[in-house]
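Residue numbers (my numbering), protein chains in the order written: chain A, 721 to 1151; chain B, 13 to 456.
All C-beta atoms, glycine included, are put in the ideal place defined by N, C-alpha and C.
This report concerns only the one structure given below.
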Amino acid sequence: MHSSSPSDKAICLYLHAHQPYRLSKVNYLDLGSVRDYFQGPTNDTNQVILEKVSKKSYLPTNKLLVKLLKKLPELRISLSISGTLLEQLQTYEPKVLASFQELVATGQVEILSETYYHSLAAIYSVEEFCIQVEQHRNLIKKLFDYDTTSFRNTELIYNDRIASLVNQLGFQTVLAEGWDKYLTWRNSGFVYKAQLPELESKELQTLKGYRIQKPVPSELKLLLKHYKLSDDIAFRFSNQDWAEYPLSAEKYLSWVNTNPGNLINLFMDYETFGEHQWADSGIFKFLEAMIFQASDTGIQFKTISEAARQGATDTVSVPELTSWADAERDLSAWNGNKMQQAALRLTYAIESKLSKLVNVKPETKLSGLYNIWRKLQTSDHFYYMSTKYWADGDVHKYFSPYDSPYEAFINFMNVLEDFTQQVDYIAAKNV
Amino acid sequence: MQSSTERYKVLMLGWEFAPIIAGGLGVVCKGLTGALVKRKADITYVLPRIPDDVQLQIDGISFTSANVEEDSLRFLGVDSRLSSPYLSADTFNLATDLADKPNTNPARQTNIAAPQDKGRATRSTSNKKIYGEDLLSEVDSYAQKVIESVTNIEDYDIIHNHDWMTAPAAVRAKELTGKPMVMHVHATEIERTVGHPNPAIFAKELAGMEAADTIIAVSELTKQRIVDNYGIEASKILVVHNAVERLESNFGPIAKSLYKDDQIVLFLARLTAMKGANYLLEAANKVLKHLPKTKFLFVGAGELLEDLIERSVDLNISHKVTFTGFLPHDQVDRAYRAASVFVMPSIAEPFGITPLEAIKNGTPVIISKQSGVSEVLKNVLKVDFWDVDELANKLIAVLKYGVLAEELSNNSKLDLENISWDIQGKKVIEIYSQLKHNQNLRFN
C-alpha cells in the first residue's frame, strides 16, 4: 500500500561493520618470546567477541535486512566492512560472511571503500593510506565481486586534504560528519561538493599509482551524516531518560518528513543493531517497522552513489580534521593525550624501517612484518588509550578490553617494542 | 527537631593525632576531626598521653587540653602506656620498653626500629609491671581511666571511637550514658595479621562492633571483611573513604643529585607482612635486569627489615636498594617528590592514605587491587599484590615512558578533587544527625 502523494524524502542508510584485532596481553619481561600479538587479552578473546557480536548483531541484522530487501525491491542500503573484520569472519565465522554476501547479491546494496586496517593512515602516511585502500578494495572485489566507487574514511575522519586524496584515487563520493561548525547555515539534507586543495607533486605521484579509474573525476561529491537522526537510533534509542523514549517508527518518520532537504543520511555502526542497542530494546522491530512504514508512505531509499547523483548545491570546505566521535567531533579520541601521540608517532616511525628492509629483502618475505605493522595501526588501539571522559566511565570504557587507558598504553607499547626489536633484528641481519 | 545550626557534642576516642603518629591513622584522624569541627561538631578528642613538647594544630591553630569549654575541639590526654593499635600483642612488650623513655614521643619511638635501635629491646624490662602485664589488660585499664577522666560524660551526643584499642572504652561509655556509639574501623585484626588474628584482640574488636550503633568502614573492602569475618549485618556498616588534606606541600622539587640521573621507586609503609614490601623487592630484581639504573627506596621500619635486607643481598641487588628506616614528615614529602613512581603493594589495605599523599606530590602511583583506596582512585596503575611480573611490567612502563608518568601524575590529581575531608566530614555529620535523632540510617 503506497500513499497517494509520494514523499520527496529519501533515506540513505549506511552501516559500518568493524572489529579490530585486539592485542594479546604482553608483559615487558616476556619481550623476545612473544608468539602471537593478536590473540586478544586472554586466549581467543578476538574469536569469542566475534562469535558474540555475530550472534547478537551481524546475523540477526543481516537476516532482517535480506528479508526486507527481498520484500521491498525499492529498498537500498549501503555498507562497509573493515578488512580486519572480513579476515576474522573468513577465519572464524564464514556463515556471517556468507550472510553479508547474500545481502550484496540482492543488487540493492552498495559497498564502500575504506582503509583495510581501520587506520589513521590518511593523516600519517599518504602511501600507507593508498596501500590500505587498495588492499581493502581488492578484498571486496574478491569476496563480493564488487567494484567500489564511494569512500568512507576511518571513523568518518575528514578534511579538505583527505578529500583531495580520495578524489585523486578516483572515488566519486565521500562521507563525512554533518557537523554544524563547517555546515554553518547549510544542512545535511543535500548533496555537496568537497573542497579539493592542491596536493604536493610527490603525493600526487604516489596517489596516481593506486588510482581506481582514469581520469580523476572532476569533482568529489560529499554526503554528510545527519547526526541527530542517526544518533537517535545509534545512541539514544534505548535510553529511558531520553525525552522521546520510547521511539516509535511513526514518530521517527515524522521527523524524517519535516527535515529540511530531501536527503536523510543515516550513518551508523552496524553493531547498533543488537550490540550497542540490544534486541530486547526493540531495535530490530523498530528498524523493520521504520523501513516498512517509510516505504508505505512513499519515502524513497538510496544508496550513497544514487544519492550523490543529484546535483550538488554548494561546496563545503572542512579545513580542520573532523570525525564522527564524541561531542568534540575531532581526533582527540585517538590523539588527544600524550600517550596516544607517542604511540602513534612510534607506530608510524616503523614505516621507514620497513621500507629500508624492502631494499635488501624481497617484499614477499616481508609481508608478515607488514601485516603485523598494519594491524597495529588499527585506530581502536589508540582509542583505548583515551583519557577523555575515562573517569566518567562512558562509551570509551564500554568498548575497551582494558581496565584503564594506561593499561592500554602499556600493553600496546610492549607489543610495539617487541615488534620494533624484531624489525631491527632482521634489519641488522640483512645489512 | 533538627536545626541547621545544631552542633553535635562528640566524645572521640583515638590513638593517634598527627604529629602524634605511628602510622596513617594519626593523619586520617586529624583530617577527619578538622572537617567535623568546621562543620557541626564539638569534639573532645581523647588520646593516650599527649607529650609535653607536642603542639596539636589544625590549620595552624593550636589546641591543648588547657583551652577548655568554649573551644569546638579539646584534647584530653589520658595517661596510658598504649601506643600504636597496629602493634600485635606479641610485639607490645617491645613497644612498651621503647616507650619507656621519658619526655619523648612514644609513637615515633615505635617507628624507629631501624638497625641502630635494635639494642633497646633488652632495656628496662623491669618497668613492665608498673604499666600492666600486657597489651590486653592495658586496654581494659585504659577504658576505666577514660571513664574517670572525662567530665560530664553524659553531656555528649555521640561516642565515636577509632579501631579496636579504644573499643572497650567506647563500649563502657555507651553503657554508662546510653548514648549512640560509632565505631570507626580503619583496619581489622584480620587484615593487620594477614589472616592470623590474636583471638583476644579479635574478641574485643568484635564486642566493639556489636555494641556500636553504626560502624564506619574506610572502604567497601573493609565493610565486606567486617560482614564476612565478624558476622556484622551489612546495613549497620557505612563506608566513608578517607581523604587527604588539600594543602600543597611547601617543599620545592628536590635536587636529585644524590642519585644523579637514576630513577627512584618509592615504598613507604611499615615493614610488616601486610604491606607487601617483599613483593616489590622481587619485582625490583626483575626491573633492574631491564633498567639497571633504577634505585629502590624503602621508607619505614618494621619486623621484616632484616629479611628484606637479606633477600636483597641474595638477589644481588642490595646496592640498588636503600632502607631508610622511619622518616619524619618533612622528609617524607621530599621522598615523594624525588621518586619517579610510588608503589603500595599491600597484601591487605583497608584504605591506604599514602597513595593520596604521593599524588598530592605529583608522583605517579601503583597500588595493589587489594586496597580500599583503589575504590576511589582511577588514574593510577593497579596490580594484584602477588603478581610480581605484572608489577615489574608496570614499573618498567612508568620508568621508561615519560608520557605515561606525566599523564598519571596530572590525571591522578583530578581524582583527588573528589576526595576531600570536607565531603567525607559531611557524611559523618549525617551519621551523627541520624543517630542523635534516632532516624533510620540511609546513606549513600
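What separation, rounded to the nearest whole angstrom, lies between the Cα atoms of residue 26 of chain B and residue 1066 of chain A?
-> Taking the first residue of the second sequence as position 1, residue 26 of chain B is located at position 14. Taking the first residue of the first sequence as position 1, residue 1066 of chain A is located at position 346. Approximately 54 Å, taken between the alpha carbons.
Top-ranked residue by Cα proximity to residue 90 of chain B, from B:323, B:224, B:158 | Indexing the second sequence from 1 puts residue 90 of chain B at position 78. Comparing alpha carbon positions, the residue from B:323, B:224, B:158 closest to residue 90 of chain B is B:158.
Consult DSSP for residue 86 of chain B and reduce its assignment to one of helix, strand or coil.
-> Along the second sequence, read from residue 1 onward, the residue named residue 86 of chain B stands at position 74. In this structure, residue 86 of chain B counts as strand in the three-state DSSP scheme.
Specify the secondary structure class of residue 1004 of chain A as computed by DSSP and reduced to three states.
-> For this step, residue 1004 of chain A is matched to residue 284 along the first sequence. Three-state DSSP puts residue 1004 of chain A in a helix.
Cα separation between residue 1095 of chain A and residue 331 of chain B?
-> As a working note, residue 1095 of chain A is residue 375 in the first sequence. As a working note, residue 331 of chain B is residue 319 in the second sequence. Rounded to the nearest angstrom, the two C-alpha atoms are 43 Å apart.
Mark residue 1119 of chain A as exposed unless 16 or more other C-beta atoms lie within 10 angstroms of its C-beta, in which case mark it buried.
-> Numbered from 1 along the first sequence, position 399 holds the residue referred to as residue 1119 of chain A. Answer is exposed; the Cβ neighbour count stays below 16.
Select from A:944, A:745, A:979 the residue whose C-alpha is nearest the C-alpha of residue 1121 of chain A.
-> Residue mapping note: residue 1121 of chain A aligns to position 401 of the first sequence, counting from 1. Cα-wise, what sits closest to residue 1121 of chain A is A:745.
Flag this pair as touching only if the region 975–990 of chain A and the region 1067–1084 of chain A have three or more C-beta atom pairs under 8 Å; answer yes or no.
-> Because the criterion of three Cβ pairs below 8 Å is not met, the region 975–990 of chain A and the region 1067–1084 of chain A do not touch.
Provide the residue(s) that pair with residue 870 of chain A in DSSP beta bridges, ordered along the chain.
-> In the first sequence, residue 870 of chain A corresponds to position 150, counting from 1. Residue pairing of residue 870 of chain A in beta bridges, as defined by DSSP: A:893.
Find the nearest neighbour of residue 439 of chain B within the set B:51, B:36, B:39, judged by alpha-carbon distance.
-> As a working note, residue 439 of chain B is residue 427 in the second sequence. For residue 439 of chain B, the nearest C-alpha among the options comes from B:51.
Cutoff 6 Å; reference residue 1045 of chain A; Cβ partners in own chain excluding five residues on either side = Taking the first residue of the first sequence as position 1, residue 1045 of chain A is located at position 325. For residue 1045 of chain A, where only same-chain residues beyond five positions count, the Cβ hits under 6 Å are 875, 1053.
Stretch-stretch touch, CB-based, cutoff 8 Å, three pairs: the region 229–246 of chain B with the region 354–372 of chain B = Result yes; three or more Cβ-Cβ pairs closer than 8 Å.
Give the interface partners of residue 1058 of chain A over in chain B, defined as CB-CB distance under 7 Å, in chain order.
-> Mapped onto the first sequence, residue 1058 of chain A falls at position 338. Ordered by position in chain B, the residues that pass the 7 Å Cβ test against residue 1058 of chain A are 415, 418, 419.
Name the residue from A:885, A:880, A:826, A:796 whose alpha carbon lies nearest to the alpha carbon of residue 834 of chain A.
-> Here residue 834 of chain A is taken as the residue at index 114 of the first sequence, counted from 1. Cα-wise, what sits closest to residue 834 of chain A is A:885.
Verify whether the separation of the beta carbon atoms of residue 400 of chain B and residue 378 of chain B is less than 8 Å.
-> What you label residue 400 of chain B is simply residue 388 of the second sequence in a count that begins at 1. What you label residue 378 of chain B is simply residue 366 of the second sequence in a count that begins at 1. Contact flag unset, no.
Compare the C-alpha of residue 356 of chain B against each of B:341, B:343, B:339, B:375 and name the closest.
-> For this step, residue 356 of chain B is matched to residue 344 along the second sequence. Comparing C-alpha distances from residue 356 of chain B to each of B:341, B:343, B:339, B:375 shows the shortest one belongs to B:375.
Residues bridged to residue 227 of chain B (per DSSP) = Position 215 of the second sequence holds residue 227 of chain B. Answer is B:195, B:249, bridged to residue 227 of chain B.
By how many angstroms is the C-alpha of residue 279 of chain B removed from the C-alpha of residue 426 of chain B?
-> Taking the first residue of the second sequence as position 1, residue 426 of chain B is located at position 414. Taking the first residue of the second sequence as position 1, residue 279 of chain B is located at position 267. Residue 426 of chain B and residue 279 of chain B have their C-alpha atoms roughly 23 Å apart.
Contact list for residue 408 of chain B against chain A, beta-carbon separation under 7 Å = On the second sequence, residue 408 of chain B is found 396 positions in, with the first residue counted as 1. Near residue 408 of chain B (Cβ distances below 7 Å), the residues of chain A are 748.
Per-residue contacts from residue 298 of chain B into chain A (C-beta, under 8 Å) = To locate residue 298 of chain B, count along the second sequence from 1; it is residue 286. Chain A residues near residue 298 of chain B: 749.
Is residue 302 of chain B close to chain A, meaning its C-beta is less than 8 Å from at least one C-beta of that chain?
-> In the second sequence, counting from the first residue as 1, residue 302 of chain B sits at position 290. For residue 302 of chain B, the answer is yes, since a Cβ of chain A falls inside 8 Å of its Cβ.
Below 8 Å, can you find three or more Cβ-Cβ pairs linking the region 724–742 of chain A to the region 764–781 of chain A?
-> Verdict: yes, contact present.
Coarse secondary structure for residue 57 of chain B, derived from DSSP in three states = The sequence position of residue 57 of chain B within the second sequence is 45, counting from 1. In this structure, residue 57 of chain B counts as strand in the three-state DSSP scheme.
Does DSSP put residue 22 of chain B in a helix, in a strand, or in coil?
-> Position 10 of the second sequence, counted from the first residue, corresponds to residue 22 of chain B. Three-state result, residue 22 of chain B: strand.
Taking the alpha carbon of residue 277 of chain B as the point to measure from, which residue in B:222, B:286, B:404, B:201 has its own alpha carbon closest?
-> Along the second sequence, one-based indexing puts residue 277 of chain B at 265. Each of B:222, B:286, B:404, B:201 was checked against the Cα of residue 277 of chain B, and the nearest Cα belongs to B:404.
Which ranges would you report for the beta strand (DSSP E) in the region 348–421 of chain B if only whole runs of at least 3 residues count?
-> For the region 348–421 of chain B, whole beta strand (DSSP E) runs of length 3 or above, ordered along the chain, are 353–356, 377–380, 393–395.
Just confirm the distance between the C-beta atoms of residue 923 of chain A and residue 846 of chain A, as a whole number of angstroms; I'd bet it's less than 8 Å.
-> On the first sequence, position 203 is the one that residue 923 of chain A refers to. On the first sequence, position 126 is the one that residue 846 of chain A refers to. Yes, residue 923 of chain A and residue 846 of chain A are in contact; Cβ-Cβ is about 5 Å, under 8 Å.
Identify the contact partners of residue 1004 of chain A in chain B, using a Cβ-Cβ distance below 9 Å as the criterion.
-> Within the first sequence, the letter at position 284 stands for residue 1004 of chain A. Within chain B, no residue comes near residue 1004 of chain A; the closest Cβ sits about 36 Å away, beyond 9 Å.
Please list, in chain order, all residues of the same chain as residue 281 of chain B whose beta carbon is under 6 Å from its beta carbon, the five residues on each side excluded.
-> One-based indexing of the second sequence puts residue 281 of chain B at position 269. The residues are 287, 312.
Checking contacts by CB at 8 Å: is residue 757 of chain A closer than that to chain B?
-> As a first step, residue 757 of chain A must be located in the first sequence, where it is residue number 37. With its beta carbon at least 8 Å from every one in chain B, residue 757 of chain A lies outside the interface.
Chain-order list of residues whose beta-carbon lies under 7 Å from that of residue 191 of chain B (same chain, five-residue window excluded) = Within the second sequence, numbered from 1, the residue matching residue 191 of chain B stands at position 179. Taking C-beta separations shorter than 7 Å and ignoring five residues to either side along the sequence, the partners of residue 191 of chain B in its chain run 168, 169, 170, 171, following chain order.
Positions along the region 383–397 of chain B whose CB lies within less than 9 Å of some CB in chain A = Here the close residues are 390, 391, 392, 393, 394.
With distances taken from CA atoms, which of B:86, B:160, B:199, B:201 is nearest residue 181 of chain B?
-> To locate residue 181 of chain B, count along the second sequence from 1; it is residue 169. B:160 is the residue among B:86, B:160, B:199, B:201 whose C-alpha sits nearest the C-alpha of residue 181 of chain B.
Skipping 5 residues on each side, what residues in its chain have a beta carbon closer than 7 Å to that of residue 251 of chain B?
-> Walking along the second sequence from the start, residue 251 of chain B turns up at place 239. Within the same chain, Cβ atoms closer than 7 Å to the Cβ of residue 251 of chain B are found at 229, 231, 232, 235, the five residues on either side in sequence being excluded.
Does the beta carbon of residue 1130 of chain A sit closer than 8 Å to a beta carbon anywhere in chain B?
-> Indexing the first sequence from 1 puts residue 1130 of chain A at position 410. Yes, because at least one Cβ of chain B sits closer than 8 Å to the Cβ of residue 1130 of chain A.
Report the three-state DSSP secondary structure of residue 925 of chain A (helix, strand or coil).
-> As a working mapping, residue 925 of chain A is identified with position 205 in the first sequence. Reduced to three states, the DSSP call for residue 925 of chain A is helix.
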